[in-house]
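Peer 1: Structure incoming, see below.
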Amino acid sequence: MVTGGSDIPRRFFSPEERSRIAAAIGEAEMHTSGEIRLFLERDVKGESEDPYARARQVFARLKMHETAERNGVLIYLAVRSRRFAIVGDEELHKRVGEGYWTEIRDLMAGEFADGRFTEGLVAGIAAIGEKLGRHFPRRPDDINELPDDIAF
């Protein structure tokens, strides 16, 4: 389904799509101690207008680096320009390498190019969750350290 009819972040996804994305995050996190977040804003902010640089700023602002195992992942999407970036915390990045993030970016970009933002995010979240589960399996005492809903 084509999504993204608005360049206002809170209206970019319908309530049903937002629920589907949050459910995908919750499902992905059921098998891992890792944490996944999605952040939407109108457009890339900052002098560089680089979505990756902006995603790193947001990652810090959301305190994603404070997870116990340093295994958080942020998907950043600027809804007006449709630019996005994925940031993985240091422990995860050490284990998966740069090539992994390129694979996930390409998976999502293929759906985004056809206007299927929800599908692209759900697919990317599922793939990230699978990799997190391999490297950071869920422990019996695991707690959800970060919210699963979309951040703005």
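Going by the numbering used here, the sequence shown wraps up at 156, each residue one higher than the last. Think of the CB as a built atom: it goes at the ideal place given N, C-alpha and C, for glycine as much as any other residue. Please read these numbers as outputs of a predicted model, since none were measured by experiment.
1. Can the beta-carbon of residue 125 be found less than 8 Å from the beta-carbon of residue 79?
2. Looking at the structure shown, is residue 156 part of a helix, part of a strand, or coil, going by DSSP?
3. Rounded to whole angstroms, what is the Cα-Cα separation between residue 116 and residue 10?
4. Counting only the same chain and skipping the five closest in sequence on each side, list residues whose C-beta sits under 8 Å from that of residue 39.
5. Among 143, 56, 122, 62, which has the Cα closest to the Cα of residue 166?
6. Can we say the stretch 81–89 touches the stretch 42–49, given the rule of at least three CB pairs closer than 8 Å?
7. Are there 16 or more other CB atoms within 10 angstroms of the CB of residue 145, so buried, or fewer, so exposed?
8. Bridge partners for residue 57 per DSSP, in chain order?
9. Beta carbon of residue 7, beta carbon of residue 136: below 8 Å?
10. Within the continuous beta strand (DSSP E) that includes residue 77, where are the two ends?
Peer 2: In brief:
1. For this step, residue 125 is matched to residue 121 along the sequence shown. For this step, residue 79 is matched to residue 75 along the sequence shown. Yes, the Cβ-Cβ distance between residue 125 and residue 79 is below 8 Å.
2. Start at 1 with the first residue of the sequence shown, and residue 156 comes out as number 152. Coil.
3. Numbered from 1 along the sequence shown, position 112 holds the residue referred to as residue 116. Numbered from 1 along the sequence shown, position 6 holds the residue referred to as residue 10. Rounded to the nearest angstrom, the gap between the Cα atoms of residue 116 and residue 10 is 14 Å.
4. Along the sequence shown, one-based indexing puts residue 39 at 35. Excluding residues within five positions, the ones whose Cβ falls inside 8 Å are 33, 68, 71, 75, 76, 77, 148, 149, 150.
5. Because residue 166 is not part of the residues shown, which for the chain are 5 to 156, the question remains open.
6. yes
7. Residue numbering aside, residue 145 sits at position 141 when the sequence shown is read from its first letter. It counts as exposed.
8. Mapped onto the sequence shown, residue 57 falls at position 53. Answer is none; residue 57 lacks a bridge partner.
9. On the sequence shown, residue 7 is found 3 positions in, with the first residue counted as 1. On the sequence shown, residue 136 is found 132 positions in, with the first residue counted as 1. At the C-beta level, residue 7 and residue 136 stay beyond 8 Å of one another.
10. Taking the first residue of the sequence shown as position 1, residue 77 is located at position 73. Unbroken beta strand (DSSP E) run through residue 77: 76–82.
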